[in-house]
Structure formats: C-alpha cells, structure tokens
Amino acid sequence: MAIYHLSMKIISRKNGYSAVASAAYRSGSVIPDDRTGLIHDYTRKRGVDDAVILTPANAPSWCGDRSVLWNAVEKAEQRRNSQLAREIELAIPREISREAAREAVLAFVRENFVSRGMIADVAFHHMDRTNPHAHIMLTTRAVGETGFAGKVRDWNDRALAETWRASWADHANRALANAGYQEEIDHRSYERQGLEKAPGLHLGKAACAMEKRGMETERGEQNRLINSLNLEIQVSRTRLAVIQVQENVRKRELSDAARRAAEALNLTIPAANASADTLREFIATLPQECGNAWEMTPEFVAMNGKANDIKREGNALVKERDILEKEMTGLRKARPVAS
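Dropping the structure here:
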C-alpha cells in the first residue's frame, strides 16, 4: 500500500554538517572539500540508483557540476552557523515503475523548486527495494549568471512548505493513476483528513533492512499493532454507520405510520423533523384522541405493534452503538504514538 512520507530539514554548519559531504553521500560520488581539504568518497555506497542536478534557465553552466556547485555553496557561506542547503526526503510509491517514479519526482522538483530559482541535486535510493525514496538537496540562495546572490527568505515560509507537501501528493497520485491504481496518498495527517486512524511510524533505513530479513523491530511491531487497531476501528465505524442507517429507516417507518393514522383520523400530523420518540408517543396516544373503540381495530393493533417492534430495535441499536464507542475509545488509547 502506498504511503505518504515527506520530511524537510536544513543542512547547517552549526550542526556539524557539510554541503559537500552531504552531496557526496547522497549521490554516491567522490567530492573534495576545498574549504577543509577533506575528500568525501562514497563511491562504494550501495543503494544509489541515480543522481541528477536540475538548474534554472539562467544558472551558469558550472552549476551542473556537483563538486563545483557545492563547493561554491560552502564558499558563499562564511558564518559558523550558516544554513548551507535545504533537504527534502520523500517516499516513492512502490507500485510505480522506476521510470514513472523518476519522472514524477523530477517534475515535482522542476515545478516547485527550480521554477523559483533553486538548484536541485536529486538522488534516487533503493528503487528496486521495499523502501524507494529520493533525497533532494536545494540551494538557499538565488542564482544568476554571475553566481549566487542573497538568501531568499520567502523559501522558508511555512505556507510554502505546505504547498510543496501537497504538490508531491498530487504528482505521486497521478503516477499511481497512470499505473492503474485507484488508491491515493494524502499529505494531510489522518486527523486533518477526518479519519479515525493512527499514522504508522517511519521505519528508517536500519529497521527497514532488518524487517526485510525477517527480523522483528520495535517500530515494525508497533506498525503491525497500529494496522491491527486501525482495522478494528474501521470495522466499528462501519457498523456505527450501518446503525445510523437503520435508525433513519426506523424513524421513517414511524413517520409513515403516524402520517397514515393522522390522515385517517383527521389529526394534526407531527412535524417532519419530529424525533422517533415523538412519533412513537403520537401513535401510542391515538386511542385517547379518537376513542378507545379504535384501540381494538386491526389498523391500530398492527400500527402499535410495529411501533413497539421499532422501539425494541432502536434500543438494541443504541446499546450496540454505546458498546462500539467504548471499544473505539479503548482502541484509541491502545495505539502507539508516532515519534
């Protein structure tokens, strides 16, 4: 089943990170760091399927060279706490082909980042395994024909981040639809979607590898528990929906019975939005309104019997609903919390 995962972070010198080292690691390449003199060689790193740099139309040609690009970024940032790059990591639906996945990710990057003036270094990892994903390193400064300019603070806008999250869901869903899948991913939390469902926990590289080898991990076990409880809650919600339909049918039957009685006896018909209890009381008081002689007629006996049957059914439905709601409360409390 396709899942939604997109995380964003800042690669900062303050936290001991290097844009050059990060780019070398994600692309599985070797890049010398002009600032420190270190050589970052990750050519033996496994799982790197492809890496590509996308640049705006006005960017100098050297921006397409990974080593030159990220050394230029390091040179442009002088402070010890400089923000060097923005990184986006996103999960790719396993249901789509490598070609379709690559096309969807690159289209997403061009539309949301390159079009705004960012340079994007995109690396695809584990495309033939259970955890296909992409790393997108983005420059934080605008680039022109002469090189890097000032920082673009608008790129840090929270609303823009939400736009990016929604955009990836759109691109992934189009790829899924083109591959013949009806399911969709949603960038919103389950709570924001209005779903009674707990989110799964992101396994990460190590846990994913262990689970693939048949080894149980703590997070993997929590996900299995979450999936089981989500299924139970969904079954309960489905039954509650059925109960609501049955209650509506019950009220409609009472309303029809009350209307027929009122029309036959020239009485005022209860309001259209009257409650089931009001309708039942109306039927029960018909003998007093019209004389006890009518109480023994076949019409009243049948109508009153139907009303009583509906009342018993309604009480049973209410009890079942209360039990289900208590069970759902317990299931909610039992679910692990994503961390």
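Residue 788 is where the sequence shown ends in the working numbering, and the numbering goes up by one at each step. The C-beta atom is built at its ideal place from N, Cα and C for all residues, glycine as well.
Any non-hydrogen atom of the ligand ADP closer than 7 Å to residue i Cβ
i: Tyr453; result: Looking at this structure, you won't find the ligand ADP or any other ligand, since it has none at all.
Within 8 Å, strictly: CB atoms of residue i and residue j
i: Ile568; j: Ala508; result: yes
i: Ala534; j: Thr588; result: yes
i: His620; j: Ala553; result: yes
i: Leu555; j: Leu503; result: yes
i: His582; j: Val497; result: no
i: Ile459; j: Ala468; result: no
i: Ala618; j: Asp635; result: yes
i: Asn530; j: Arg462; result: yes
i: Ala472; j: Arg515; result: yes
i: Asn855; j: Glu633; result: The first residue shown for the chain is 450 and the last is 788, placing residue 855 beyond what the model contains.
i: Ile452; j: Ala572; result: no
Three-state secondary structure (DSSP) of residue i
i: His620; result: helix
i: Glu538; result: strand
i: Val479; result: strand
i: Thr588; result: strand
i: Trp743; result: Note on Trp743: pLDDT 45, under 50, position unreliable in the model; the coordinate value appears next. It is helical.
i: Ser461; result: strand
i: Ser467; result: coil
i: Ala628; result: coil
Residues of its chain near residue i, where Cβ-Cβ distance is below 8 Å and the 5 sequence neighbours each way are ignored
i: Thr492; result: Gly477, Ser478 and Val479
i: Tyr474; result: His489, Tyr491 and Lys494
i: Gly599; result: Arg590 and Ala591
i: Asp603; result: Leu609
i: Val563; result: Leu503, Thr504, Pro505 and Ala569
i: Tyr466; result: Ile460 and Leu533
Cut-off 7 Å between Cβ atoms - residues of its own chain near residue i, not counting five sequence neighbours on either side
i: Glu560; result: Ser616
i: Ala549; result: Ala624, Asn627 and Ala628
i: Thr485; result: none
i: Ala792; result: Nothing in the structure corresponds to residue 792, since the chain is present only between 450 and 788.
i: Gly593; result: Asn507
i: Phe557; result: Ser616, Trp617 and His620
6 Å Cβ shell around residue i - same chain, five flanking residues per side excluded
i: Ile537; result: Met457 and Ile585
i: Leu518; result: Cys512
i: Ile566; result: The question names Ile, yet the displayed sequence has Gly at residue 566. For Gly566, where only same-chain residues beyond five positions count, the Cβ hits under 6 Å are Pro505 and Ala591.
i: Arg547; result: Met576
i: Val601; result: Ala591
i: Tyr630; result: Glu544
i: Gln532; result: Ile459, Ser461 and Thr589
i: Pro481; result: Ile488
Residue interval of the beta strand (DSSP E) (run including residue i)
i: Ala598; result: Gly596 to Lys600
i: Asp570; result: Ala569 to His574
Where the alpha helix (DSSP H) containing residue i begins and where it ends
i: Val554; result: Arg547 to Asn561
What are the start and end residues of each continuous alpha helix (DSSP H) run of 4 or more residues lying completely inside the region 476 to 531, in chain order? 515 to 525
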